[in-house]
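**Q**
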Amino acid sequence: GAVVSQHPSRVICKSGTSVKIECRSLDFQATTMFWYRQFPKQSLMLMATSNEGSKATYEQGVEKDKFLINHASLTLSTLTVTSAHPEDSSFYICSARRDRDTEAFFGQGTRLTVV
Amino acid sequence: AQSVTQLGSHVSVSEGALVLLRCNYSSSVPPYLFWYVQYPNQGLQLLLKYTTGATLVKGINGFEAEFKKSETAFHLTKPSAHMSDAAEYFCAVTTYTGFQKLVFGTGTRLLVSP
Chain P
1 GAVVSQHPSR
11 VICKSGTSVK
21 IECRSLDFQA
31 TTMFWYRQFP
41 KQSLMLMATS
51 NEGSKATYEQ
61 GVEKDKFLIN
71 HASLTLSTLT
81 VTSAHPEDSS
91 FYICSARRDR
101 DTEAFFGQGT
111 RLTVV
Chain V
1001 AQSVTQLGSH
1011 VSVSEGALVL
1021 LRCNYSSSVP
1031 PYLFWYVQYP
1041 NQGLQLLLKY
1051 TTGATLVKGI
1061 NGFEAEFKKS
1071 ETAFHLTKPS
1081 AHMSDAAEYF
1091 CAVTTYTGFQ
1101 KLVFGTGTRL
1111 LVSP
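The listed protein sequences correspond, in order, to chains P and V. Just so you know, we're using the working numbering here: the first sequence kicks off at 1 and counts up by one. Just so you know, we're using the working numbering here: the second sequence kicks off at 1001 and counts up by one.
#1: Verify the CB distance criterion: does Q42 of chain P have a CB-CB separation below 7 Å to chain V?
#2: Would you say T1095 of chain V faces chain P, with C-beta separation under 7 Å as the test?
#3: Determine, for A104 of chain P, whether the minimum Cβ-Cβ distance to residues of chain V falls below 7 Å.
#4: So V1013 of chain V and A1081 of chain V are in contact, right, with Cβ under 8 Å, and what is the actual spacing, rounded?
#5: For R55 of chain P, does the three-state DSSP call read helix, strand or coil?
#6: Leaving out the 5 sequence neighbours to the left and right, which residues in its chain are closer than 6 Å to G1016 of chain V when beta-carbon positions are compared?
#7: Return the CA-CA distance between I12 of chain P and P86 of chain P, expressed in angstroms with no decimal places.
#8: Against chain P, does T1108 of chain V count as a neighbour if the rule is that its beta carbon must be under 7 Å from one of theirs?
#9: In whole angstroms, what separates the C-alpha of G1059 of chain V from that of L1047 of chain V?
The structure is reproduced here in structure tokens:
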């Protein structure tokens, strides 16, 4: 399968600061990337879908001004958690697919802790 | 809206025993169904998927699942567990093509004892 890499795998930040998480498709060009959030002992929840070169589509209830998603190239999407607070602490996972008919591959996730 | 229920947050089996991980879904239209596995500190890996056609789906690592529409079920099975099968397993559903808008269950941790 194709490789999707997230960086960093773990990050601790202070409350009120912003943190950026990168999602890269290493061996294919990803026209679409998906961002998920996973709370402890809960399922993954889709936050947004981003298509290269266009604005992300956010799921209902997800604050687009708080979770900024950029998909500026076919191999990189970033999620920036702005003015992070402890309730934003979670596991964030991205997935990427080449096109509509192909499998979406998942990154290894980023554990964000806001203190 | 779709939803997924995975019964049992933890399932323990002995090596060589049958593995059965349960997944029930809710969907008002024909669903696409998936099973993913997640090893520690790794991303989710697709085990198998059901889209259309044959209801018994075979996946990687000896796993298979059967789509049972009447029971709204998509349980994951493996005849003989191996120590390397110990991981977290997620069932997911969508009504969209292209792996869009996947709705995941809460996951089941499979424990395999020697």
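Ideal Cβ positions, reconstructed from N, Cα and C, are used throughout, including at glycine. Quick caveat, the model's predicted, so the values are computed rather than measured.
**A** The short version:
#1: yes
#2: Among the CB atoms of chain P, none fall inside 7 Å of the CB of T1095 of chain V.
#3: yes
#4: 5 Å
#5: As written in the sequence, residue 55 of chain P is Lys, which differs from the Arg given in the question. If DSSP states are grouped into helix, strand and coil, K55 of chain P belongs with coil.
#6: So the list reads S1080, once near-sequence residues are dropped.
#7: Roughly 10 Å separates the two Cα atoms.
#8: no
#9: 5 Å
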